[in-house]
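Please read the structure below before turning to the comments.
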Amino acid sequence: MKSGHSQNILIRQTMDKAMKNLFLLATLFALLVLAILIYQVVTQGAGWLDWNFLTGKLSLNPDRAGILGVIVGTVLLMLVVGPVTMLLGVCTAIYLEEYAKKSKFHAFIQVNISNLAGVPSVIFGLLGLAVFSRGLNLGSSILAGGLTMSLLVLPIVVVASQEAIRAVPQFLREASFGMGATKWQTVRRVVLPAALPGILTGFILSLSRAIGETAPLVVLGIPVLIMPIPNSLMSDFTALPIQIYYWTLDTVLVQEYANLAAATIIVLLVVLFAMNSLAIFIRNKYQKRY
Amino acid sequence: MNHAVTERPQAALASEKSETENKPTVIQTKELNLWYGESQALYDINMDIQENEVTAIIGPSGCGKSTYIKTLNRLIELNDSVRTQGQIVYQGRDIFREYTVEELRTQVGMVFQKPNPLPKTIYENVVYGPRVHGIRKKQVLDEIVERSLRGAAIWDEVKDRLHKDAYGLSGGQQQRLCIARTLAFEPEVILMDEPTSALDPISTLKIEELIQQLKAQYTIVIVTHNLQQAARISDKTAFFLNGKLIEFDQTVKLFSNPNDKRTEDYVSGRFG
Amino acid sequence: MDKHLSVREQIQQNIARRKKRPFQMERMAPIVLFVAALISVLTTVGIVLSLVFDAALFFQQVPFKEFFGSTKLTPLSHTDPSFGILPLISGTLITSLIAMCVAIPIGLTSAIYLSEYASARVRKIVKPLMEVVAGIPTIVYGFFAYSFVTPLLTHLIPSLGAKNALSPGIVMGIMIIPLVTSLSEDAMSSVPNSMRQGALALGSTKLEMSFKVIIPAALSGIIASFVLAVSRAVGETMIVTIASGSSKNFTFDITQSMQTMTAYIVEFTSGDAGSGTVGYYSLYAVGLTLFVFTLLMNLAARYISRIFREGY
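Protein chains in written order, with this note's numbering: chain A, 1 to 290; chain B, 1001 to 1272; chain C, 2001 to 2312.
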């Protein structure tokens, strides 16, 4: 019957429109929460974020606490993570893409890296505890933390570098080989320079992941004492995410610690925002169309 | 007969023939067979390429001409699955067993179908070959750059922007740049795999003229799917079909009076 | 001198020289690179070895039956320490389940919207923002859960404990939404347009097309994303450590504190478990359980999505 049929269509179309709006709401939900989170953090922390806070030393007294030592700790940590990750990650990517034949062993390494990417960060902490902290006797130093973190973010650099290397067109390699260059010469003079933007992007992404990771450092036993600003790779240290963690935990004791944590979160988020913007900028500016 | 071919006077044909008989053989291919994995791509190729000549290789798509020319400088080995049998003799030595690929490729250069300058400056493109082989002095490199760009008939167009990106050049200019960078390391043989098929007619003409000039100093092997081009610029032509060398003769003879019916069918446009 | 030789001669000379003394780099490069690639394998081996080794020491002192069967977890007790992992497993599963109740419906419907309804411009804005949501460090989410979400929920549920499972579960779920969305959307985008056009030509609405055609076609990719989401939730540490606390009661009450496997590991290493004690080794036993769990789920997800890729 005609009227029943068109009624049916009307119902279905209304459902379609209604669900479309529902889906839109769902999509915006996460973004809404993000906005609330940022608002919350800023209102709680901005008031406590001043020059003294950034340049002062840690103190039990919230009015006098500053995160200079924490910032230095994070920077030193990245000074370990950066080179180690880059070296290992890029070399692994070059090996997989340029040197290794597509064999079972190649697939094995590839699968290994994907698996590592999915291992919870606490487990890396346990690994670091066993191998670096106790095994190599590095204790809870920057070196121990840095090496542990490097392994954690290694897959990020490997995957990004592999993609960047793969994106270098084959005809460039042919040109180089055609002129009598060796494999290493071709990699060094043609492939790597062409893949550099992608590799750098991966590098920055790995660092931004490492900066925010807390669990492995806690497992390594990074303490929460008031300590002097670290001055060497073997020093004890604390880092931004750990400081946020401890202040949050201790909010029960001292209410203002929540504000300090929020202020530190702002610092962390600003740093991350800057790094990711840099990565996006590099990717867009140096994207070559062959 | 095929009237699309450019005709050459009989006298020229006679004198060309006697010239060729005196020229030494540069590359000798003996019983060459090649497989991609399990599938055979070249069957018993026997061919002699003579010095200071332009040898054209023609044939329909998939006949093996690109495969063959890439075997001459062993660039075909970039594909892991390639297997060869037979010999290719260059300067008295088998290129597979008695040469490293690097050594071979400094003497047998290649220009590709799609111009592929490196993403560097014009200067750096040209000096890439010499640099990679140990030549470092700036003065020497500068001389090489000018000589090579002149030799590729592009010096005047780029001499004021040597340190600008090579990608800023037009397609025809890029291809001449690719020829220049090959000239830079002074090979003996230049292989060209359909060098003008991606270019406009004017650039094509410029490069064909260049090839005629270059043959005085170099031996040139050119793969082309353009029959008129082969007839215009080459001294000898080889006709490939389904991985086999069907006929190899003086260009004039192959186009006007070929021995094999398949050759005749191809050059008169009945297939391909 | 060089000038007297032609370029060709110079190059040939260099090549001849190199034949006698091959490039250092050329020969070293493959070896060095291979060793670097081996590091990733060594890392996995290291993880497995350190977990298994120390867990073995644990199981020498605590029988399997107690570990996997007991609901009593009192590792610090001086008189009668007990090491049943069930409270941790239930804590992990419950918080993850809550997270999935948030992440899966919202993630999937977002994916449908982005894949089937949204314009390219909307997609261009929303997708990077989703990446931001995923990129916020988990410690920040932990802070958020504890200092904002828990107080908020307490208005609704007065009996809510300061540490509870509901708050971190919800926040974890929100954090995982982008993962579900992006993987499901990838799966749905891979469905050929011909299927969409076929359905629409037959008179379906977009809604019907999405549920009757697209989702079934992209199903394995979608399911794989769910499995990965669970794996992510199970492995999450800081949010639950801060907001869910460390109560080792075996309970299903989500308004109260419970501890996850990850939080247990964190609690113990930041505490005073000296090395060599059973408590210390219990870390590795729990770690091993966690590792095996997430590994199996990741492998399952990869296997499921491989079925998906072969579908086309």
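Glycine residues also receive a C-beta, built at the ideal position from the N, C-alpha and C atoms.
Within 7 angstroms, strictly: CB atoms of residue i and residue j
i: B:Q1107; j: B:E1051; result: no
i: C:T2255; j: C:G2161; result: yes
i: B:N1116; j: B:L1191; result: no
i: A:V254; j: A:G125; result: no
i: A:I67; j: A:T264; result: yes
i: C:V2286; j: C:Y2264; result: yes
i: C:V2266; j: C:T2241; result: yes
i: A:A215; j: C:T2237; result: yes
i: B:D1156; j: B:I1069; result: no
i: B:I1057; j: B:V1223; result: yes
i: A:A261; j: C:F2143; result: yes
i: C:A2037; j: A:T186; result: no
i: B:F1239; j: B:G1064; result: no
i: C:S2096; j: C:K2163; result: no
i: A:Y286; j: A:P197; result: yes
i: B:F1185; j: B:P1119; result: no
Beta bridge counterpart(s) of residue i as assigned by DSSP
i: B:K1030; result: B:Q1087
i: B:W1035; result: B:Q1040 and B:R1083
i: C:T2074; result: C:S2082
i: B:T1025; result: B:Q1050
i: B:G1109; result: B:I1190
i: B:I1220; result: B:V1054 and B:I1190
i: A:S141; result: A:D236
i: B:I1045; result: B:L1032
i: B:F1248; result: B:A1238
i: B:T1121; result: B:D1165
i: B:R1093; result: B:Y1090
CA nearest to the CA of residue i, picked from the options
i: A:K17; options: C:I2174, C:R2008 and C:E2116; result: C:E2116
i: A:S141; options: A:L34, A:P230 and A:V42; result: A:P230
i: B:A1180; options: B:F1112, B:K1138, B:Q1228 and B:L1205; result: B:F1112
i: A:K20; options: C:L2057, C:L2114, C:E2026 and C:F2064; result: C:L2114
i: B:E1208; options: B:A1153, B:F1240 and B:S1170; result: B:A1153
i: A:A291; options: A:D236, A:I156 and A:F203; result: Residue 291 of chain A cannot be examined here, being either before or after the span of chain A that is shown, 1 to 290.
i: A:G69; options: A:T248, A:A258 and A:S232; result: A:S232
i: A:Y95; options: A:L268, A:V254, A:L172 and A:R166; result: A:R166
i: A:F281; options: A:A144, A:T201 and A:V191; result: A:T201
i: B:I1095; options: B:Y1036, B:Y1167, B:T1204 and B:L1075; result: B:L1075
i: B:G1134; options: A:M179, A:V153, A:Q170 and A:V41; result: A:M179
i: A:M275; options: C:I2136, C:G2173 and C:L2076; result: C:I2136
i: C:I2176; options: A:L34, A:N8 and A:R12; result: A:L34
i: B:D1235; options: B:T1055, B:A1041 and B:P1258; result: B:T1055
i: A:L127; options: C:I2304, C:G2084, C:F2291 and C:N2298; result: C:F2291
i: A:S121; options: A:L152, A:G212 and A:A181; result: A:L152
i: B:L1214; options: B:S1066, B:V1127, B:L1149 and B:L1042; result: B:L1149
Chain C contact residues for residue i, given Cβ-Cβ distances below 9 angstroms
i: A:P169; result: None at all; the shortest Cβ gap to chain C is about 22 angstroms.
i: B:G1134; result: Q2010, I2011, Q2013, N2014, I2015, R2017 and R2018
i: B:F1096; result: Simply none; closest approach about 17 angstroms.
i: B:E1102; result: I2015 and R2018
Residues that residue i contacts on chain C, provided the C-beta gap is smaller than 7 angstroms
i: B:I1190; result: Under the 7 angstroms cutoff, chain C gives no residues; its nearest Cβ is about 13 angstroms from B:I1190.
Listed by chain order, chain A residues near residue i by CB distance under 8 angstroms
i: B:T1106; result: M179 and G180
i: B:K1114; result: F171
i: C:D2054; result: A130
i: B:M1047; result: Going along chain A, no residue has its Cβ under 8 angstroms from B:M1047, so there is no contact; the nearest lies around 21 angstroms.
i: B:F1185; result: M179 and G180
Partner residues on chain B for residue i, Cβ-Cβ distance less than 7 angstroms
i: A:Q185; result: V1132
i: A:V190; result: L1118
Closer than 9 angstroms at the beta carbon, the chain A residues around residue i
i: C:I2304; result: Going along chain A, no residue has its Cβ under 9 angstroms from C:I2304, so there is no contact; the nearest lies around 14 angstroms.
Chain C contact residues for residue i, given Cβ-Cβ distances below 8 angstroms
i: A:R12; result: T2205, L2207 and E2208
i: B:I1144; result: V2007
Proximal chain A residues relative to residue i, where beta-carbon distance stays under 7 angstroms
i: B:D1080; result: K101
i: C:A2029; result: W184
Margin query: Please give the ranges of any alpha helix (DSSP H) in the segment 40 to 121 of chain A, keeping only runs that are unbroken, at least 4 residues long and fully inside the region.
Written below: Annotation: the segment 40 to 121 of chain A contains the following complete segments of the alpha helix (DSSP H) (minimum length 4 residues), in chain order: 51 to 55, 68 to 94 and 104 to 117.
Check: What alpha helix (DSSP H) runs, 4 residues minimum, are completely inside the segment 2068 to 2155 of chain C?
Finding: 2086 to 2112, 2120 to 2135 and 2138 to 2144
Item checked: In chain order, each alpha helix (DSSP H) run of at least 4 residues that lies wholly inside the segment 242 to 289 of chain A -> 257 to 285
Next item on the list: Could I get the ranges of all uninterrupted alpha helix (DSSP H) runs contained in the segment 179 to 210 of chain A, with 4 residues as the minimum, in chain order?
Entry: Along the segment 179 to 210 of chain A, the alpha helix (DSSP H) occurs as fully enclosed runs of 4 or more residues at 183 to 186, listed in sequence order.
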